[in-house]
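These protein sequence lines map, in sequence, to chains A and B.
Counting from 1, one number per residue, gives the positions in the first sequence under our numbering.
Counting from 1, one number per residue, gives the positions in the second sequence under our numbering.
We put the beta carbon where it would ideally sit given N, CA and C, even for glycine.
Report on one structure; see the data block that follows.
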Amino acid sequence: MGVVVLLVVWQLVCVSGLVPSYMLPSPVQVVTAFVSDAPALGEHLLITLQEAALGLCIGVAVGFVFAVAMDAFDILYKIFYPILVITQTIPTVAIAPLLVLWFGYEMTPKVILVVLVTFFPVAVGLLDGFRGVDPDAVGLLRSMGAGRWQIFRYLKCPWALPQFFSGLRIAAAYSIVGAVISEWLGGFGGLGVYMTRVKKAFAFDKMFAVIFLISILSLALMALVGWLERRCMPYRRVDEKTRRKKP
Amino acid sequence: MEKLEVRNVSLAFGDHQVLRNVSLHLHEGELVCLLGVSGGGKTTLFNVISGLLRPDEGQVFLDGEEVTGQPGHVSYMLQKDLLLPYRTIQDNVALPLMLRGMSKKEARAQAVALFPQFGLEGTEKKWPGQLSGGMRQRAALLRTYLFSHNVALLDEPFSALDTLTKRSVHQWYLKVMDEIRLSTLFITHDIDEAILLSDRIYLLMDGSIGEEIVVQEPRPRHVDFNLTQEFLAYKRRIMAALHAQG
Numbered sequence: 001m002g003v004v005v006l007l008v009v010w011q012l013v014c015v016s017g018l019v020p021s022y023m024l025p026s027p028v029q030v031v032t033a034f035v036s037d038a039p040a041l042g043e044h045l046l047i048t049l050q051e052a053a054l055g056l057c058i059g060v061a062v063g064f065v066f067a068v069a070m071d072a073f074d075i076l077y078k079i080f081y082p083i084l085v086i087t088q089t090i091p092t093v094a095i096a097p098l099l100v101l102w103f104g105y106e107m108t109p110k111v112i113l114v115v116l117v118t119f120f121p122v123a124v125g126l127l128d129g130f131r132g133v134d135p136d137a138v139g140l141l142r143s144m145g146a147g148r149w150q151i152f153r154y155l156k157c158p159w160a161l162p163q164f165f166s167g168l169r170i171a172a173a174y175s176i177v178g179a180v181i182s183e184w185l186g187g188f189g190g191l192g193v194y195m196t197r198v199k200k201a202f203a204f205d206k207m208f209a210v211i212f213l214i215s216i217l218s219l220a221l222m223a224l225v226g227w228l229e230r231r232c233m234p235y236r237r238v239d240e241k242t243r244r245k246k247p
Numbered sequence: 001m002e003k004l005e006v007r008n009v010s011l012a013f014g015d016h017q018v019l020r021n022v023s024l025h026l027h028e029g030e031l032v033c034l035l036g037v038s039g040g041g042k043t044t045l046f047n048v049i050s051g052l053l054r055p056d057e058g059q060v061f062l063d064g065e066e067v068t069g070q071p072g073h074v075s076y077m078l079q080k081d082l083l084l085p086y087r088t089i090q091d092n093v094a095l096p097l098m099l100r101g102m103s104k105k106e107a108r109a110q111a112v113a114l115f116p117q118f119g120l121e122g123t124e125k126k127w128p129g130q131l132s133g134g135m136r137q138r139a140a141l142l143r144t145y146l147f148s149h150n151v152a153l154l155d156e157p158f159s160a161l162d163t164l165t166k167r168s169v170h171q172w173y174l175k176v177m178d179e180i181r182l183s184t185l186f187i188t189h190d191i192d193e194a195i196l197l198s199d200r201i202y203l204l205m206d207g208s209i210g211e212e213i214v215v216q217e218p219r220p221r222h223v224d225f226n227l228t229q230e231f232l233a234y235k236r237r238i239m240a241a242l243h244a245q246g
């Protein structure tokens, strides 16, 4: 609703001539540019999607391994947690050119960057989830003779699912942005490369078209994560319903 | 043979002696209560019996077999039911059997067969979040029962329930317990509850058994039992013993 109002206001501002159209294209112009350039956009989109998806998958796997190891061994937690936090304080735009220098203009540096920005929210989410397990529940399972692996499988993993998905949602959004930034700073294809080209041509309408595309892509990816979340945790819907019923 | 026997158990955490030479026993079908103030070592004793803690001295026997310091024989039930929110009721109840290596199908079948007896029929495929507090406690009790050789260790199981619900749960519990030949050792700090339910009461004070009180009144006791002279006499005796210590 708010988005619709915003678009209408934007269109009115452009039509009224308050801002020259070469500075700020109207939504209609943006859509036109989008449609006319669709084939090129599609090609670049595919490249970006590949990098983001591959990076996200590896990032989730790496995050999972880190979280499990750091949860199992306190010493690893103490060693790695500060390092993990430090990696996140380094701006992405600063690492991306380095990665390009080290790994070239192909796909590798993009995927690495996506891994770097996505593994952190997943690892931290999972770790919080593992550590938030009720100690009484652990005691109960132990009294039932459960070993470490069984406690992990029946208690810790499912217990951490909600936090895992919060992390994954953030990681999904980061993955697209990470891939685009990385392409922007050096590459042969992808939405980031497309952006640098239309920027040099001062094609503002195309610029906006690609910005919209990236937003839509991020939203779609987050929706996908949301769908996955509901599939994996059907009991959460029930909880919410009963909670809403109670005053 | 005693269902459960604790023999001369002592345990210290650092300098703090939590349990001192505690001995107690539980016959089959008996309901025995451990009564004492908070921090008196009641829960620690349960952890020793369930094998989570190994005592410095003493032994624990279940059906005559020594199980000291070995988890996996007796489980317990707490005030919070600890049903896992992401498992259906039947899978929650079947969990201890699965932990023992039973297949999911078989464990479920065994669990579900007992649902009617515990008044849980119809809840098999529900999530814990959909059940009332009383029903959740029943499910938690069934889970404990399935696991523990007909011995139930209950740590203040009813203290989260309101007075009226508590009373009906008490009646229900005594009925089910007699049906399935369950022997119960339960912790409470509620003197009335202890006298109403128990065959015997151990007063646990400062880590040792202070006194053992046998409640002669036959079970199930009438709901008005707590208004009688006998009841008050028991209560007076317990309070005097607790005061003498504190």
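Scanning chain A for C-beta atoms nearer than 7 Å to the C-beta of P71/B yields R142, S143, G145, reported in chain order. What G51/B touches in chain A, judged by beta-carbon distance under 9 Å, is R142, S143, G145, going in chain order. As the crow flies, the alpha-carbon of R7/B is around 7 Å from that of V22/B.
Between D128/A and the set F208/A, G63/A, E229/A, the nearest pair of CA atoms involves G63/A. The continuous stretches of alpha helix (DSSP H) do not include H149/B, and DSSP gives it neither H nor E. Looking at the DSSP output, T228/B sits in no beta bridge, so it has no partner there. Leaving aside the five residues that flank E5/B on each side, the residues in its chain whose CB is nearer than 7 Å to its CB run, in chain order, H25, F61. Against chain A, a Cβ distance below 9 Å from R54/B picks out nothing, because the smallest value is about 13 Å. Against chain A, a Cβ distance below 9 Å from G39/B picks out nothing, because the smallest value is about 17 Å. Our two residues, L114/B and K42/B, have alpha carbons roughly 30 Å apart in a direct line. Judged by beta-carbon spacing, P85/B lies within the 8 Å limit of G129/B, meaning their Cβ atoms are closer than that value.
Taking 8 Å as the upper bound for CB-CB distance, V210/A and M195/A are in contact here, some 5 Å apart. Residue pairing by DSSP places V22/B opposite V9/B in a beta bridge. Going by C-alpha positions, S168/B is about 16 Å away from A139/B. Taking all protein chains in view, the Cβ of I79/A is surrounded by fewer than 16 other Cβ atoms within 10 Å, so the residue is classified as exposed.
In the displayed model, F61/B falls within a strand according to three-state DSSP. In this structure the segment 147-160 of chain A does not lie against the segment 81-92 of chain A, because fewer than three pairs of beta carbons, one per stretch, are closer than 8 Å.
Take V13/A, set aside five residues on each side of it, and the residues of its chain with a beta-carbon closer than 7 Å to its own are V19, in chain order.
For P85/B, at least one C-beta of chain A is nearer than 8 Å to its own C-beta. Close CB contacts of Q79/B within its chain, under the 7 Å cut and outside five residues either way in sequence, are with D155, E156, P157, S159, A160 (chain order).
Residues are counted here when their Cβ sits less than 7 Å from a Cβ of chain A; for the segment 145-173 of chain B these are F147, given in chain order. Not one beta carbon of chain A lies nearer than 8 Å to the beta carbon of P116/B. C-alpha of A94/A to C-alpha of V117/A: approximately 13 Å in a straight line.
Taking D192/B as the centre and dropping the five residues before and after it, the same chain places the C-beta of N226 closer than 7 Å to its C-beta, in chain order. For Q150/A, the chain B residues whose Cβ falls inside 7 Å of its Cβ are L99, in order along the chain. Residue-level contact check: D128/A does not touch chain B, since none of the beta carbons of chain B fall below 8 Å from its beta carbon. Y22/A counts as exposed, since fewer than 16 other C-beta atoms from the protein chains shown sit within 10 angstroms of its C-beta.
Distances from the alpha-carbon of L153/B to those of D162/B, M177/B, S132/B put M177/B closest.
Scanning chain A for C-beta atoms nearer than 7 Å to the C-beta of L78/B yields D136, reported in chain order. Closest in alpha carbon position to R230/A, among S166/A, V122/A, P27/A, is S166/A.
Under the Cβ distance rule, G42/A does not count among the residues neighbouring chain B, no pair being separated by less than 8 Å. Per DSSP, L34/B is one residue of the beta strand (DSSP E) stretching across 31-35. The DSSP-derived three-state label of H16/B is strand. Listed in chain order, the non-local C-beta contacts of L224/A below 6 Å within the same chain number zero, local neighbours out to five positions each way being set aside.
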